[in-house]
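In this text, residue positions in the sequence shown follow my numbering: the first is 355, and each later residue adds one.
The beta carbon of each residue, even a glycine, is placed where N, CA and C say it ideally should be.
Structure record follows, encoded as structure tokens.
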Amino acid sequence: MLGILGEPTVATFASLSKDGRRHTFRRCLVEDEPIEFDGVFEWQCCRAVYTFGLFMEHLNGDEAAQQLIQEARCVFYEENTFVMSSNWLDQFLNNRLGDGEKPASVESLVRHITVQVDRRYCNATDLAPSLLDVFRITNPERISLEILDRGVPDGRDFATQETIKMISGVVRDLIDYFGRRLTVSKVTFSDDDFKDGLTTYPADFCDIKSYWNLPTKRTREKALKGQVSFEELMQIQIEEWTDRSFDPYPLNAVDDVRS
Numbered sequence: 355m356l357g358i359l360g361e362p363t364v365a366t367f368a369s370l371s372k373d374g375r376r377h378t379f380r381r382c383l384v385e386d387e388p389i390e391f392d393g394v395f396e397w398q399c400c401r402a403v404y405t406f407g408l409f410m411e412h413l414n415g416d417e418a419a420q421q422l423i424q425e426a427r428c429v430f431y432e433e434n435t436f437v438m439s440s441n442w443l444d445q446f447l448n449n450r451l452g453d454g455e456k457p458a459s460v461e462s463l464v465r466h467i468t469v470q471v472d473r474r475y476c477n478a479t480d481l482a483p484s485l486l487d488v489f490r491i492t493n494p495e496r497i498s499l500e501i502l503d504r505g506v507p508d509g510r511d512f513a514t515q516e517t518i519k520m521i522s523g524v525v526r527d528l529i530d531y532f533g534r535r536l537t538v539s540k541v542t543f544s545d546d547d548f549k550d551g552l553t554t555y556p557a558d559f560c561d562i563k564s565y566w567n568l569p570t571k572r573t574r575e576k577a578l579k580g581q582v583s584f585e586e587l588m589q590i591q592i593e594e595w596t597d598r599s600f601d602p603y604p605l606n607a608v609d610d611v612r613s
């Protein structure tokens, strides 16, 4: 473990400046590629998590050691990018890797996260409720929401339309809450890759966040004449789908999560 830290003793490492310690933790705990979380198994296969486990094993004990663990934990969560299906998000936020006395919550540390809406791994009725956990993330720099499926990139296929309809209400509120920090994409896989369970590559990405823009008066006029683009049609459809009387989740659900 001392070889990883690059110092002869833990005390020597602890005597470095905070920036110096953070530089070392960054070298050991930050991955070049996004870390895919799908439960305990994925953690066991992640180099950064394995290294963190070594820190936990050798830095236990006094208050100074606990401080080092918390510094390492902050680097791990703040500087990595995480990707997971929406049904794993609650477990990820509750995982508290490196739990100790009064650790900062995962929700407050995570800066970059991709949440995937994937009906292969989440029941249709659970799609919208599972996305409510996104509201728990308090200091994100970027949240990427991805709808994974086959079909066509812009989402005009039936399966993607069905998914968008089911999650349209909660996505509307996520956009309102996080603004520019949130992106929404359709991620299209080939039939074979989709059947094989791939979640990260290869795939085509299409930005569909504009579908949640309110339709303009001009768009409504064009719709009456059948002259709207697919993007404009989606804006009209989502406005209808997100009518408060037809929300796919309880009206107070977002407030419950935020509180």
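Using three-state DSSP, classify residue i as helix, strand or coil.
| i | result |
| --- | --- |
| residue 381 | helix |
| residue 471 | strand |
| residue 370 | coil |
| residue 540 | strand |
| residue 436 | strand |
| residue 408 | helix |
| residue 559 | strand |
| residue 390 | strand |
Assign residue i to one of two classes, buried (16 or more other C-beta atoms within 10 Å of its C-beta) or exposed (fewer than that).
| i | result |
| --- | --- |
| residue 503 | buried |
| residue 399 | exposed |
| residue 413 | buried |
| residue 578 | exposed |
| residue 597 | exposed |
| residue 375 | buried |
Thinking C-beta only, is residue j closer than 8 Å to residue i?
| i | j | result |
| --- | --- | --- |
| residue 524 | residue 486 | yes |
| residue 368 | residue 418 | yes |
| residue 518 | residue 501 | yes |
| residue 499 | residue 437 | no |
Taking 7 Å as the cut-off, is the beta-carbon of residue i closer than that to any non-hydrogen atom of the ligand SAH?
| i | result |
| --- | --- |
| residue 529 | Ligands displayed in this structure: none; no statement on the ligand SAH is therefore possible. |
Can you list, in chain order, the residues of its chain whose CB lies under 7 Å from that of residue i, leaving out five sequence neighbours each side?
| i | result |
| --- | --- |
| residue 365 | none |
| residue 521 | 471, 481, 482, 485 |
Under 6 Å Cβ to Cβ from residue i, same chain only, skipping five residues before and after it: list those, please.
| i | result |
| --- | --- |
| residue 586 | 573 |
| residue 576 | 582 |
The segment 558 to 567 in contact with the segment 536 to 544 per 3-pair CB rule at 8 Å: In this structure the segment 558 to 567 lies against the segment 536 to 544, because at least three pairs of beta carbons, one per stretch, are closer than 8 Å.
Meets three-Cβ-pair contact criterion under 8 Å: the segment 428 to 443 and the segment 379 to 395: Touching, yes, given that three or more Cβ pairs across the two stretches are closer than 8 Å.
Meets three-Cβ-pair contact criterion under 8 Å: the segment 402 to 411 and the segment 440 to 447: When C-beta atoms of the segment 402 to 411 are compared with those of the segment 440 to 447, fewer than three pairs fall below 8 Å, so the two segments do not count as touching.
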